[in-house]
């Protein structure tokens, strides 16, 4: 007969289990309160751990915890600066190739797809995604570009819209010939679109 | 006590009820067999009516029946030629304004959104949408443009991807500043993208 595991009173100690418990609780808190409404303190309380332990596991704070909770296939905190780093030349192509790379691999694609599915079917999930995309992605890209903030964000969002719509038609609806087109064929058409959005002076 | 309506043996006669029964059965047949697999004959059989009656109500055939079954807010058979009619000049702007117009009105937006939701959550719905979009929209647009068919379809799909992605971020995720941008601001940025896809010679 299996003996149920017992746990003494007081907070959970550190360990693999604890990290998992924090991530599981974070998923729930983000779903209930949205990205903006959730806090590390609240997640620590819900997971029954010391807030210092959350900081120990997730030094990058709320954003890193969200990436872990949603099993996102990349971390904007690392990838966005890497893509912006080489400057405006070729930025449209680097963004397009990076995005295609994430969607190419089913294991990296699935968490993305799950997020997209819940965002279109559930207003809470949409709000959660809105908060995260704005803070982790858009404000970071906008800060790295030399454009007036308001106009810049609109332009970045339209570029992201092109990529998200392309992924929808290519990987979800699987429309031909887009579904079978090579990445180079797609880059040849889509990269100039993004580049144009990001460099208004070139128009 | 309510007396149940009785119906004699044999097929349903014509009338409002019959049209509704055909539409309801069509919805089910499209969902089960996809757009390509469903047939007017099969829908007539399932709705227990003479196939001639289906043709009587839906002279435009399977496509018109699909538009009615999905409560689509526009008929590609009418709208696509109207948008293409004035020629290539300004085509990107006409497509963008038409699309924004459909999404602007919640009553016209909701059936679209329902279709998008089921396409991302359900492979059968995705297949259904794929068949309809290819036949009713893409082949019609591609036929109206003066481009090699294979390249043309890819370009049209990327234009549609831009519009679909924009609608996702603007109306579903409601990302700012895109969600509050005026239609003119969006047209100013998006119409040139579509125009570029549709007129490769201008690159």
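Residue numbers (our numbering), protein chains in the order written: chain C, 1 to 203; chain U, 1001 to 1203.
Glycine is no exception: its CB is placed at the ideal position from the N, C-alpha and C atoms.
Mind checking which residues open and close the alpha helix (DSSP H) that includes residue i?
| i | result |
| --- | --- |
| residue 1079/U | 1076-1084 |
| residue 99/C | 91-104 |
| residue 174/C | Counting along the chain, residue 174/C falls outside any alpha helix (DSSP H), and DSSP gives it neither H nor E. |
| residue 128/C | 123-132 |
| residue 50/C | It is not in any alpha helix (DSSP H) - residue 50/C carries neither H nor E in the DSSP assignment. |
| residue 1196/U | 1183-1198 |
| residue 1149/U | 1149-1167 |
| residue 1140/U | 1139-1144 |
Taking only beta-carbon positions, decide if residue i is within less than 9 Å of chain U.
| i | result |
| --- | --- |
| residue 57/C | no |
| residue 124/C | no |
| residue 31/C | no |
| residue 143/C | no |
| residue 173/C | yes |
| residue 166/C | yes |
| residue 157/C | yes |
| residue 3/C | Residue placement at residue 3/C is poorly supported in this model, since its pLDDT is 43, which falls under 50; the coordinates still yield a value, given next. Output row for residue 3/C: interface = no. |
| residue 111/C | no |
| residue 96/C | no |
| residue 170/C | yes |
| residue 64/C | no |
| residue 192/C | yes |
| residue 130/C | yes |
| residue 72/C | no |
Using a Cβ cut-off of 9 Å (strictly closer), state whether residue i contacts chain C.
| i | result |
| --- | --- |
| residue 1008/U | Any reading at residue 1008/U needs caution, since the residue's pLDDT is 45, under 50, leaving its predicted position unreliable; the model's value is listed next. With 9 Å as the cut-off, residue 1008/U does not count as an interface residue toward chain C. |
| residue 1197/U | yes |
| residue 1134/U | yes |
| residue 1037/U | no |
| residue 1067/U | no |
| residue 1213/U | The structure shown has nothing for residue 1213/U, since chain U only spans 1001 to 1203. |
| residue 1160/U | yes |
| residue 1150/U | yes |
| residue 1025/U | no |
Please say whether residue j and residue i have beta carbons closer to each other than 9 Å?
| i | j | result |
| --- | --- | --- |
| residue 1032/U | residue 1132/U | no |
| residue 137/C | residue 160/C | yes |
| residue 1191/U | residue 1092/U | yes |
| residue 194/C | residue 1189/U | no |
Throw me the rounded Cβ distance for the residue i and residue j pair, which I believe falls under 8 Å.
| i | j | result |
| --- | --- | --- |
| residue 60/C | residue 40/C | The Cβ separation is near 11 Å, so there is no contact. |
| residue 173/C | residue 1070/U | Actually they are not in contact, since the Cβ atoms of residue 173/C and residue 1070/U sit about 15 Å apart, beyond 8 Å. |
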